[in-house]
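Trainee: Counting from 0, one number per residue, gives the positions in the sequence shown under numbering that gives the first Met the number 0. Ideal placement from N, C-alpha and C gives every residue a C-beta, glycine not left out.
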Amino acid sequence: MATRKQMILPIIVLAVGIGGFVAISSMKKPPAEKEEVDNTPIVAYTEVVKAPMNYSVSSYGLVKAKYETELVSQVNGEILYLSEQFVRGGFVKKGTVLAKIDPSDYEANLLDAEAAVASAKATLVQERAFGKVAEEEWKRIENGIPTELSLRKPQLAQELAKLNSAEAGLKRAKRDLERTLIRAPYDALIESRQIGLGSYVAKGSMLGKVYSTDDAEIRLPIGDKEIRYLTNRGQNANVTITGDYAGEKHQWQATIVRSEGVIDDNSRMTYLVADVKDPYGLVSEKKQLRFGTYVTAEIQGSQAGSVTRIPRHLVVANQVAVISSDNKLKYQTVDVLRQVGSEVIIADGLESGMKVITSALDYPVEGMAVALMGDESNPQDIDKDTDTQLAMEDKE
0 MATRKQMILP IIVLAVGIGG FVAISSMKKP PAEKEEVDNT PIVAYTEVVK
50 APMNYSVSSY GLVKAKYETE LVSQVNGEIL YLSEQFVRGG FVKKGTVLAK
100 IDPSDYEANL LDAEAAVASA KATLVQERAF GKVAEEEWKR IENGIPTELS
150 LRKPQLAQEL AKLNSAEAGL KRAKRDLERT LIRAPYDALI ESRQIGLGSY
200 VAKGSMLGKV YSTDDAEIRL PIGDKEIRYL TNRGQNANVT ITGDYAGEKH
250 QWQATIVRSE GVIDDNSRMT YLVADVKDPY GLVSEKKQLR FGTYVTAEIQ
300 GSQAGSVTRI PRHLVVANQV AVISSDNKLK YQTVDVLRQV GSEVIIADGL
350 ESGMKVITSA LDYPVEGMAV ALMGDESNPQ DIDKDTDTQL AMEDKE
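(1) Just how far apart, CA to CA, sit G304 and I344?
(2) Helix, strand or coil for I140 per DSSP?
(3) Taking its Cβ as the centre, do 16 or more other Cβ atoms sit within 10 Å of V132, making it buried, or is it exposed?
(4) What are the complete beta strand (DSSP E) segments, minimum 3 residues, inside the region 155-202?
(5) According to DSSP, is T212 part of a helix, a strand, or is it coil?
(6) Could you give the distance in angstroms between the alpha-carbon of V335 and the alpha-carbon of A346?
(7) Ignore the nearest five residues each way along the sequence and tell me which others in S351's own chain have a CB closer than 7 Å to its CB.
(8) Please name the residue, chosen from I194, A160, V272, L110, that lies closest to I221 on a Cα-to-Cα basis.
(9) What number of angstroms, rounded off, separates the C-alpha of A156 from the C-alpha of R139?
(10) Measuring CA to CA, which of E297, L219, A236 is closest to V261?
(11) Using the three-state DSSP reduction, which class does Q220 fall into: helix, strand or coil?
(12) Please state the DSSP three-state secondary structure of A119.
(13) On the CB-based measure, 16 or more other CB atoms within 10 Å of its CB, does L13 come out buried or exposed?
(14) Report the option in A167, R289, A98, Y54 whose CA atom is closest to the CA atom of D111.
(15) Does the Cβ-Cβ distance between S258 and T269 come in under 8 Å?
(16) At what residue ranges does the region 280-354 contain a whole run of the beta strand (DSSP E), taking only runs of 3 or more?
(17) Leaving out five residues on either side along the sequence, give the residues of the same chain with a beta carbon under 8 Å from the beta carbon of E395.
(18) Which residues bound the beta strand (DSSP E) around M52?
(19) Using a threshold of 8 Å, state whether the C-beta atoms of S72 and G203 are closer than that.
(20) Thinking just about the alpha-carbon of each residue, which of L79, V339, A64 is nearest to the one in V200?
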């Protein structure tokens, strides 16, 4: 049987434990109250600016000469002379003698032709005199009816035909002699020369090739849907050409002079032709737009009216997220006129001064409150600025 001491000892130990727990608990500080956190999402935005704008259509192409001419010999003979300018890359003026073919045979042919003409003229004069004599003799004959032959009219016609033939031969002889001089057909750039001094050429032999330097042309492919943005289908539209010269980007002005009028079988594009005046700067002092240069082009189009341009990723299902006057998220329906690269052109739905949200939202819900990035009244921005300032002071 337990003694009285054995019964009281556990009670004392339990009481001491409870008393110690209560004492320790009374010494523990209560947890500090946490400040309320503002979970309003902070958004970046841009203000809408509406302004008049002209459409433009982008394209590309290669610069080529308006005229390319292959110089071909029209007579036979030996090359006796070559101009120093008749070399690849040389610039020549219209009418410049580039080469000369031996004219000896053609000078002789010209003398023969001139002699033939002189002989035919003399014979014609003589035949006319015979005709007048015959006519006078028939006048003395009473009751006589002269025939065409008796008046020598067929003989006169024959001599007249011989004279015409001789004059035609003279023209051919002069023309062949003139063709011994190979001249530039226009102000030109020499693309190639395929003859040498002393070489023999025949009719049809290739002598060289030249490019006209007054104008350059660029074929610009345009998608069918892009033509609606051009006034009068692009006719006479101004074009800004951009290309490289001496390792730097340069621009030239051009004009659309025509449309080729058909859709290309392979690319399914319509080609507009842009004309550039004086591409090599021979008349005006401007940078050379060399033939064969790859260029990009901006064709000026029709007026779009008062519009705004924003990044295309901000438009989803023809809606744009904007900030209302009471700083709440709102979806605004817009009318997209056109997409240009990474931007879209909007005519209706956005007005000047509206705030378009440009940052991403995790769980956007229309009507939710948002905070503007950079707004001084935004407590989260103030806390961030304070933390930054404290960190800088710690470093000091």
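Mentor: For this structure:
(1) Straight-line Cα distance between these residues: approximately 11 Å.
(2) DSSP, read as helix, strand or coil, puts I140 in coil.
(3) Answer is exposed; the Cβ neighbour count stays below 16.
(4) The region 155-202 contains these whole beta strand (DSSP E) runs: 180-182, 187-192.
(5) The answer is coil: DSSP assigns T212 none of H, G, I, E or B.
(6) When the Cα atoms are used, V335 and A346 turn out to be separated by approximately 7 Å.
(7) For S351, the CB contacts under 7 Å within the same chain, skipping 5 residues up- and downstream, are V47, V48, K49 in chain order.
(8) Residue nearest to I221 within the set I194, A160, V272, L110 is V272 (criterion: CA-CA distance).
(9) Going by the C-alpha atoms only, they are around 25 Å apart.
(10) When each option's Cα is compared against that of V261, the closest is L219.
(11) This sequence places Pro at residue 220; Gln is not what is there. Here P220 sits in strand by DSSP.
(12) If DSSP states are grouped into helix, strand and coil, A119 belongs with the helices.
(13) Here L13 is exposed: its Cβ has fewer than 16 other Cβ atoms, across all protein chains shown, within 10 Å.
(14) Of the listed residues, the one whose Cα sits closest to D111 is A167.
(15) Remark: C-beta atoms of S258 and T269 approach each other more closely than 8 Å.
(16) Within the region 280-354, the complete beta strand (DSSP E) segments at least 3 residues long are 293-310, 318-322, 328-332, 334-339, 342-347, listed from N- to C-terminus.
(17) Because E395 sits at a pLDDT of 41, beneath the cut-off of 50, its placement in the model cannot be relied upon, and the following sentence gives the value as read from the coordinates. So the list is empty, once near-sequence residues are dropped.
(18) Start and end: 50-64.
(19) Against a cut-off of 8 Å, the Cβ pair of G203 and S72 comes out as a contact.
(20) With distances taken between Cα atoms, V200 lies closest to L79.
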